[in-house]
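Oh and the sequence shown: position 77 is 284 in the working numbering, straight run, nothing missing. Glycine residues also receive a C-beta, built at the ideal position from the N, C-alpha and C atoms. Every value quoted in this text rests on a predicted model; they were computed, and no experiment measured them.
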Amino acid sequence: MRYDDRTLAGVLFFFGSVEFLLAMLVSEGSLPTYVVSSQPISDLGVGPTAALFNTSIVLLGLLTLAGAYFYHRTHKTLWITVPFLLAGIGPIGVGLFPENLPENIRFLHGLFALISFLFGGLVAILIATRVRPPFRYISLLLGVLGLVALALFLAGQDAGIGYGGMERMIAYPVLFWEVGFGGYLMSSPEGEPVPGARKDTGA
Numbered sequence: 208m209r210y211d212d213r214t215l216a217g218v219l220f221f222f223g224s225v226e227f228l229l230a231m232l233v234s235e236g237s238l239p240t241y242v243v244s245s246q247p248i249s250d251l252g253v254g255p256t257a258a259l260f261n262t263s264i265v266l267l268g269l270l271t272l273a274g275a276y277f278y279h280r281t282h283k284t285l286w287i288t289v290p291f292l293l294a295g296i297g298p299i300g301v302g303l304f305p306e307n308l309p310e311n312i313r314f315l316h317g318l319f320a321l322i323s324f325l326f327g328g329l330v331a332i333l334i335a336t337r338v339r340p341p342f343r344y345i346s347l348l349l350g351v352l353g354l355v356a357l358a359l360f361l362a363g364q365d366a367g368i369g370y371g372g373m374e375r376m377i378a379y380p381v382l383f384w385e386v387g388f389g390g391y392l393m394s395s396p397e398g399e400p401v402p403g404a405r406k407d408t409g410a
């Protein structure tokens with residue numbers, strides 16, 4: 208069976224985010240001393256869980272990039288596609304450059320994590336302009352939630368839930384959104400009109 212571009216994008220987004228969420232849960236559960244509220248997500252990328260975590264987050268990025276390509280074929284809107292591509296590049300960099308790098312290049316891990324968090328939330332907000340309610344409101348809410356959490360995190364605020372808890376308040380909304388967006392695309396036919404879509408193929 209041949210699937211259209213919209214459905215393929217949905218499958219890729221859905222699978223990429225689900226496999227990473229599952230890998231993260233398995234990694235957390237396999238480390239008895241790991242404390243979710245106080246430890247960074249990236250601590251899972253070193254030690255016994257490094258292979259599972261880093262492979263899964265690189266796969267998340269690759270599938271997001273592939274999904275962005277197929278989704279671009281349905282709308283050809285660069286102001287959505289470019290942030291989507293950056294949101295895919297971020298996780299790849301996080302996995303390829305774990306936090307235990309030599310000190311002179313350790314900044315790469317933080318840089319790619321920031322790219323992932325920032326553009327993941329931004330894409331959710333941008334996509335809200337192209338989907339129908341109620342997912343439009345869900346997309347907007349999750350995107351804003353992730354970016355607000357990122358702003359608080361960068362300001363050194365943990366809202367009483369710890370460093371790890373606050374980091375998850377950035378990551379989880381984006382991951383849950385990508386699961387939902389994948390489902391939305393899989394359940395919507397390619398020819399369905401999109402709110403705000405242009406009839407031409409320009410950016």
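(request) Give me the Cα-Cα distance between P380 and E310, rounded to the nearest whole angstrom. (result) Looking up residue 380 in the sequence shown gives position 173. Looking up residue 310 in the sequence shown gives position 103. Answer to the nearest angstrom: the Cα atoms are 31 Å apart.
(request) Would you check if the segment 274-290 and the segment 367-377 touch, i.e. whether three or more CB-CB distances between them fall below 8 Å? (result) These segments do not touch.
(message) To the nearest angstrom, how far is the alpha carbon of T408 from that of Y344?
(response) One-based indexing of the sequence shown puts residue 408 at position 201. One-based indexing of the sequence shown puts residue 344 at position 137. Because the pLDDT of T408 is 38, which lies under 50, any placement of that residue in the model is unreliable, and the number read from its coordinates should be weighed accordingly. Roughly 26 Å between the two C-alpha positions.
(request) Name the two residues that bound the continuous alpha helix (DSSP H) containing E226. (result) Within the sequence shown, the letter at position 19 stands for residue 226. For E226, the enclosing alpha helix (DSSP H) covers residues D212 to G236.
(request) Taking the CB atoms as reference points, tell me whether G353 and I334 lie closer together than 8 Å. (result) Along the sequence shown, one-based indexing puts residue 353 at 146. Along the sequence shown, one-based indexing puts residue 334 at 127. Against a cut-off of 8 Å, the Cβ pair of I334 and G353 comes out as no contact.
(request) Check S249 in the structure and name its three-state DSSP category. (result) In the sequence shown, residue 249 corresponds to position 42, counting from 1. Reduced to three states, the DSSP call for S249 is helix.
(request) Compare the C-alpha of F220 against each of A294, L232, G300 and Y241 and name the closest. (result) Walking along the sequence shown from the start, residue 220 turns up at place 13. Looking at the Cα atoms, A294 is the closest of the given residues.
(request) Kindly list the residues whose CB is nearer than 6 Å to the CB of N307, restricted to its own chain and excluding five residues on each side of it in sequence; keep chain order. (result) What you label residue 307 is simply residue 100 of the sequence shown in a count that begins at 1. The residues are V253.
(message) Let me confirm a value: R213 is counted as buried when at least 16 other C-beta atoms fall within 10 Å, else exposed. Which label applies?
(response) The count along the sequence shown starts at 1 and reaches residue 213 at position 6. Burial call: buried.
(request) Closer than 8 Å by C-beta to G398: which residues in its own chain qualify, once you throw out the five before and the five after it? Chain order, please. (result) Sequence index remark: in the sequence shown, residue 398 carries index 191 (1-based). Here G398 scores only 49 on pLDDT, less than 50, and its place in the model should not be relied on; the value that follows carries that caveat. Same-chain partners within the cutoff: there are none.
(message) So for R209, helix, strand or coil by DSSP?
(response) Indexing the sequence shown from 1 puts residue 209 at position 2. Of the three classes helix, strand and coil, the one that applies to R209 here is coil, per DSSP.
(message) Which residue marks the beginning of the alpha helix (DSSP H) containing N412, and which one marks its end?
(response) A query on residue 412 cannot be resolved here, the shown segment of the chain reaching from 208 to 410 and no further.
(request) Starting from E306, follow the alpha helix (DSSP H) in both directions and report where the run begins and ends. (result) Counting from 1 along the sequence shown, the entry for residue 306 is found at position 99. No alpha helix (DSSP H) contains E306, which DSSP labels as neither H nor E.
(message) Do F326 and G297 have their beta-carbon atoms positioned less than 8 Å apart in this structure?
(response) One-based indexing of the sequence shown puts residue 297 at position 90. One-based indexing of the sequence shown puts residue 326 at position 119. Annotated as proximal: G297 and F326, with beta-carbon spacing under 8 Å.
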